[in-house]
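A.B. asks: Attaching a single structure in structure tokens format; questions to follow.
In my numbering, the protein residues as written are 297 to 449.
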């Protein structure tokens, strides 16, 4: 008996249903609701196969959403080119529950003494790098009255 990951099976089912309902179009997100509200909201990776049984166990699974390591970043299994100096900043944005000010980002993302102007520079550059990686209407990192936040989660 095979041990199936229910999330991968759900993502594969969403991909198959999207292709059945509208051939040629791909599902991008799976949202599961209950009586109270949202249970999960996860992206459907490009590599989610049409049938859960077709998953090749020898290949590592595609992790949905952001994965940031010291070596690089991926979103839905696709590499995103981000300068090494901004990987920690990206990780802080991903883990943040609420918008963060430049002062909070400076304290959380940088080890050595860095001023807020330099942090704002890194935010602009990270915004540019993410804009290059994604076809997204609007800014991927939005500046708000109470701070900055990452739109793609």
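Beta carbons: idealized from backbone N, C-alpha and C, even for Gly.
(1) Just how far apart, CA to CA, sit residue 344 and residue 312?
(2) According to DSSP, is residue 372 part of a helix, a strand, or is it coil?
(3) Along the chain, where does the beta strand (DSSP E) that runs through residue 440 open and close?
(4) For residue 334, which three-state DSSP category applies?
(5) Do you know whose CA, among 425, 447 and 303, lies nearest residue 389's CA?
(6) Kindly confirm or deny that the segment 362–369 and the segment 408–420 touch, where touching means at least three C-beta pairs closer than 8 Å.
(7) Leaving out five residues before and five after residue 334 in sequence, what residues of the same chain have Cβ atoms less than 8 Å from its Cβ?
(8) From residue 351 to residue 359, what distance separates their C-alpha atoms?
(9) Looking at residue 361 and residue 339, is the spacing between their C-beta atoms short of 8 Å?
(10) Between residue 423 and the rest of its own chain, which residues show a CB-CB distance below 8 Å, the 5 nearest in sequence each way excluded?
(11) On the criterion of 16 or more Cβ atoms from any shown chain inside 10 Å, does residue 376 qualify as buried, or is it exposed?
(12) Looking at the unbroken beta strand (DSSP E) that takes in residue 446, where does it start and where does it end?
(13) Distance, Cα to Cα, residue 431 vs residue 398?
(14) For residue 371 and residue 378, what's the separation of their Cα atoms in angstroms?
C.D. replies: According to the data block:
(1) At residue 344 the pLDDT is 47, less than 50, meaning the model places this residue with poor confidence and gives no usable figure here.
(2) Coil.
(3) Annotation: the continuous beta strand (DSSP E) that includes residue 440 extends over 437–440.
(4) Of the three classes helix, strand and coil, the one that applies to residue 334 here is strand, per DSSP.
(5) 447
(6) Contact annotation: the segment 362–369 does not touch the segment 408–420, with fewer than three C-beta pairs closer than 8 Å.
(7) Excluding positions up to five away in sequence, the list reads 327 and 328.
(8) The predicted position of residue 351 is uncertain, since its pLDDT is 47 and thus under 50; a value taken from the coordinates is nonetheless stated next. Spanning the two alpha carbons is a distance of roughly 14 Å.
(9) A contact, by the Cβ cut-off of 8 Å.
(10) 435, 436 and 437
(11) buried
(12) 443–446
(13) 26 Å
(14) 12 Å
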